[in-house]
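Trainee: In the working numbering, the protein residues as written are 3 to 176. Could you have a look at this structure, given as structure tokens, before my questions?
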Amino acid sequence: MIVDRPESHFIFVVPLDHVEYRYNYINLRGAPLTNKQYLEHWGKWLVFGLREEVEELARKLDPYVEEKKIPAVKYDRKLITEFQLNRCVMCVYCHDETKDEVWEILAALGVMDKAWMYERETLEKWLPGGVNLEKWIQGRGLDHEQAERVRADARAKFKKMFADENEIFTGVYQ
């Protein structure tokens, strides 16, 4: 199911069960991941393209998400000006044990470039001092005080989110 909430920067492709019954797609063969397992094993294939290209790919991936062959997908609603990218980014999520099967689906749909990233790497980039957070702060033109508040908020958010490594990871609201 393609979920397009106008207030979000992202458009999501998630199973209907997730939307209607709170199914947790962050799992391996039906077993939900703990915070520790999420940080160790969850990641994504990165696909870059024009908005129209990633929208078309999302439509093609939707049946695979419904069949739970691909856990979830998200893509940019629009270019992120703070990062000065000229293409939208699509994230095709999965556990590292299933990433080859997910890649085969992407390749069969015409995706040619391979770029894998673990979620822990993404989180590190959004922590204080991380390249994404610092570029975002700079791109927004925040003054020193505002930037420090953003850094403190990011630090506190991730610390709270991963405080108990054995707790089931349920996702990040975006």
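Virtual Cβ for every residue (Gly too), placed ideally from N, Cα, C.
Taking only beta-carbon positions, decide if R31 is within less than 8 Å of chain B.
Mentor: In the structure shown, chain B cannot be found, because there is only a single protein chain.
Trainee: From what residue to what residue does the alpha helix (DSSP H) around H146 run?
Mentor: Where H146 is concerned, the enclosing alpha helix (DSSP H) stretches over 146-163.
Trainee: Please report how far the alpha carbon of V75 lies from the alpha carbon of E58, in whole angstroms.
Mentor: Between V75 and E58, the C-alpha separation is close to 13 Å.
Trainee: Go ahead and pull the three-state DSSP assignment for W105.
Mentor: It is helical.
Trainee: Cα separation between V49 and V56?
Mentor: Each residue's Cα considered, the two are about 8 Å apart.
Trainee: Thinking F171 and L125 are a contact (beta carbons under 8 Å), I'd like their distance in whole angstroms, please.
Mentor: Incorrect: roughly 12 Å between the Cβ atoms, too far for contact.
Trainee: Residues bridged to G45 by DSSP?
Mentor: G45 is bridged to C96, Y120.
Trainee: Whose CA, out of E147, I28, W118, lies closest to the CA of G173?
Mentor: Checked all of E147, I28, W118; the closest Cα to G173 is I28.
Trainee: What residues in its chain sit with their C-beta under 6 Å from that of H20, if we drop five residues either side in the sequence?
Mentor: Once the five neighbours on either side are set aside, the close Cβ partners of H20 are Y27.
Trainee: Assuming E121 and W44 are in contact, meaning their beta carbons sit under 8 Å apart, how far apart are those beta carbons, in whole angstroms?
Mentor: Confirmed, about 5 Å.
Trainee: If you follow the beta strand (DSSP E) that Y77 is part of, which residue opens it and which one closes it?
Mentor: 74-78 is the extent of the beta strand (DSSP E) around Y77.
Trainee: For P8, count neighbouring Cβ atoms within 10 angstroms of its own Cβ and tell me buried if that reaches 16, exposed if not.
Mentor: Exposed is the call here.
Trainee: Please state whether DSSP places L30 in a helix, a strand or coil.
Mentor: Three-state result, L30: strand.
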